[in-house]
Structure formats: C-alpha cells, structure tokens
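For the sequence shown, the working numbering assigns the number 8 to the initial residue and increments by one for each residue that follows.
Have a look at the structure below, then the notes.
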Amino acid sequence: MKVIETRDAQLMAKLGNIMQDHHKKLYPDFFKPYNEKNIMHHFQEIFENPKQQIFLWVDDQKESEPIAAYLWLEEEIVPETVYRYGYTRLYLHHVLIMPTYQGKGLSKVLLNFADDFAIKQGITQAELHYWSQNEIAKNLYPQLGYEVYTEIAYKQLENHSPNF
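The following block contains the structure:
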C-alpha cells in the first residue's frame with residue numbers, strides 16, 4: 008500500500024459517490040443526490056487552495072480499483088474572538104475507506120497519518136465532525152483519542168405563520 012497526494016478533481020468526483028450515497032442514506036432530506044459534474048467542479052475549487060490536500064491509499068497489488076481509501080485534510084486558522092482563543096487546526100473533511108477495505112484497520116492508519124501530518128506542520132489540534140447516525144464513526148473516533156467538544160442540534164419546523 009502506498010500513499011500519494013492527488014489534485015485530480017475528476018477522480019475525487021468519482022470517489023465522492025460513495026461518501027455522498029452514504030450520507031444520503033443516513034439523511035435523505037438533508038443531502039442531495041450524487042452529481043458527479045457538480046462534485047468535480049467543487050473539487051476544482053478546493054484544489055485552488057494549497058492548504059487543502061487529499062491523500063490516497065493505493066493498493067499496488069490490485070490493478071482494478073486500486074484505491075483503498077482517501078483522506079481530505081485542510082490546515083485552517085480559527086480566529087480568536089472575544090469569547091475564545093484562536094488556534095490552527097488540521098481539519099479532516101473526509102475519511103473514506105472503500106467498502107472492500109473496511110474493517111481491516113485502515114481508519115487507524117489514516118488517522119495516524121493525519122496526526123503525523125499535523126505534527127510536521129506544527130499543528131497541535133486535529134478536528135473532524137461526523138453525523139450522529141454514523142455509528143461506525145461515533146464508536147471509532149473516541150478509540151483513537153478524539154473527544155466530542157461541541158454538538159449541533161436541529162429542529163425541523165413546519166412552514167406556518169409565527170404565533171407572535
């Protein structure tokens with residue numbers, strides 16, 4: 008297995024199908040259906056920022072469908088406010104293990120890679136978010152040292168006139 012960086016928007020649009028379909032199944036009223044063209048354009052914009060990087064885990068033993076996983080990272084400055092201190096974080100946008108590679112410990116490999124990447128950049132905090140119905144993520148991340156420090160709740164409102 009080797010790790011390579013990519014800035015191939017078309018490839019990421021194809022790989023994005025798995026992530027988008029997973030999210031759409033969990034939250035069908037929130038996530039849009041997969042649209043390869045729109046996702047490709049999105050990644051073209053993402054790749055204009057050198058602080059955004061995507062790394063692929065490539066199985067050099069497989070010729071067909073050799074990509075085992077990808078990790079989308081962003082070095083991001085969170086500004087100080089009157090309420091909290093500012094800091095630099097490594098934000099993990101996507102951690103995706105392809106279905107045939109799931110359950111083989113690759114998540115730990117990707118997250119350790121992110122830790123090492125952050126340390127090399129002088130970053131002392133890695134952050135990610137996951138959806139509350141994603142039980143795999145909810146169980147995995149605490150095992151790897153991640154702590155929940157904020158939660159977002161929502162309420163779906165009916166489309167009616169206010170009572171005030």
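Built from N, CA and C at the ideal position, the CB exists for glycine as well.
**Message:** Check whether the segment 34-54 and the segment 84-98 are in contact - that is, three or more C-beta pairs closer than 8 Å.
**Reply:** no
**Prompt:** When we look at the beta-carbon of residue 93 and count the other beta-carbons within 10 Å, is it buried (16 or more) or exposed?
**Reply:** exposed
**Cβ pair residue 126, residue 113 closer than 7 Å** = no
**Request:** Find the nearest neighbour of residue 44 within the set 120, 91, 34 and 17, judged by alpha-carbon distance.
**Result:** 17
**Prompt:** Buried or exposed: residue 23, going by 16 or more other Cβ atoms within 10 Å of its Cβ?
**Reply:** buried
**Request:** Just tell me which of 80, 46, 119 and 111 has its CA closest to the CA of residue 101.
**Result:** 80
**Request:** Pull up the DSSP beta-bridge partners for residue 82, would you.
**Result:** 97
**Prompt:** With 16 as the cutoff for other CB atoms within 10 Å, does residue 151 come out buried or exposed?
**Reply:** exposed
**Request:** Have a look at residue 75 and residue 153 and give me their C-alpha separation to the nearest angstrom.
**Result:** 23 Å
**Prompt:** Is the beta carbon of residue 96 less than 7 Å from the beta carbon of residue 59?
**Reply:** no
**Asked** What are the boundary residues of the beta strand (DSSP E) that includes residue 126?
**Response** Unbroken run through residue 126 is the alpha helix (DSSP H), 113-127; no beta strand (DSSP E).
**Asked** Apart from the five residues just before and just after residue 10, which ones in its own chain have a Cβ nearer than 8 Å to its Cβ?
**Response** 62, 63, 64, 65 and 120
**Length of the line joining the Cα atoms of residue 78 and residue 99** = 7 Å
**Prompt:** For residue 138, which beta-bridge partners are listed by DSSP?
**Reply:** The partner list for residue 138 (beta bridge, DSSP) is empty, contrary to what the question assumes.
**Prompt:** For residue 71, which option in 149, 107, 26 and 158 has the closest C-alpha, if you only look at C-alpha atoms?
**Reply:** 107
**Message:** Helix, strand or coil for residue 147? Go by DSSP, reduced to three states.
**Reply:** helix
**Message:** According to DSSP, simplified to helix, strand and coil, what is residue 62?
**Reply:** strand
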